[in-house]
Structures are given as structure tokens and as C-alpha cells.
Amino acid sequence: MSSRVERRSNPTAWAAFWVALLGLILMPIPLFIGLILGGGLSLVAAVLVVIALLKGLARSGRGIAPVVFAAIFVLLTWGGISIGGGTIW
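Be aware that the sequence shown starts at 155, since it is given in our numbering, and climbs by one per residue.
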């Protein structure tokens, strides 16, 4: 095996994807549980999205697809929280 094996994936992008998806799934839980769990995970995912995006752009765009989906999940979570998700649903 060569020492110059290039990694094709972006592990930070996949971490952002799964954390954002988990935040989106947990967001609708009522009585502020979803707000705390889903909102907290979406904030972590937003930070991971920025880091993964910078890493992906440094690699000529490799691993950008999970970052885009993670960003969409974060925006959906924040949109759901802004209309009452996690608090009154």
C-alpha cells in the first residue's frame, strides 16, 4: 500500500451530515426537549458544516455533497424551531 493514498471522503462532512440529521429528527419533540436537543445539535452541525466546507474547498470540492445536505438539514431545523417546533408541537 502506498503512503500517498489520497482520501476521497471528508469525514467532517459526514459528521456534520449525521449530527444535522439527528438534530432534525429530534427537533419535533414537544415541551422544549426538541428545542434543547435538536437546537443544540443543529448548532454543533452548523459549526461542522463550516469546517467541512473549508476542508472540502481546500480539496478541490471533494466531499461537498454531505455538507450541502447537512446545511439544508440545519436550515430546516432552525425553520422548524422558529415556527414552534420543540416547544408547542
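C-beta: ideal position from N, C-alpha, C; glycine also. Just so we're clear, the structure is a prediction, and the values are computed from it rather than from any experiment.
Only residues of its own chain outside the window of five on either side were considered, and among them Ala174, Leu175 and Leu178 have a CB closer than 6 Å to the CB of phenylalanine 227, listed in chain order.
Cβ neighbours of leucine 207 within its own chain (closer than 7 Å, five residues either side excluded): Val221. Shortest Cα-Cα distance from isoleucine 237 to any of Pro184, Trp168 and Ala170 involves Pro184. Annotated three-state conformation of serine 163 is coil, per DSSP. The residues Gly177, Leu178, Met181, Gly192 and Ser196, in chain order, have a CB closer than 6 Å to that of threonine 231 in the same chain once the five nearest residues on each side in sequence are set aside. Between leucine 202 and alanine 169, the beta carbon gap of about 6 Å places them in contact (Cβ cut-off 8 Å). Contact annotation, glycine 240 with isoleucine 205: C-beta distance approximately 25 Å; criterion of less than 8 Å not satisfied.
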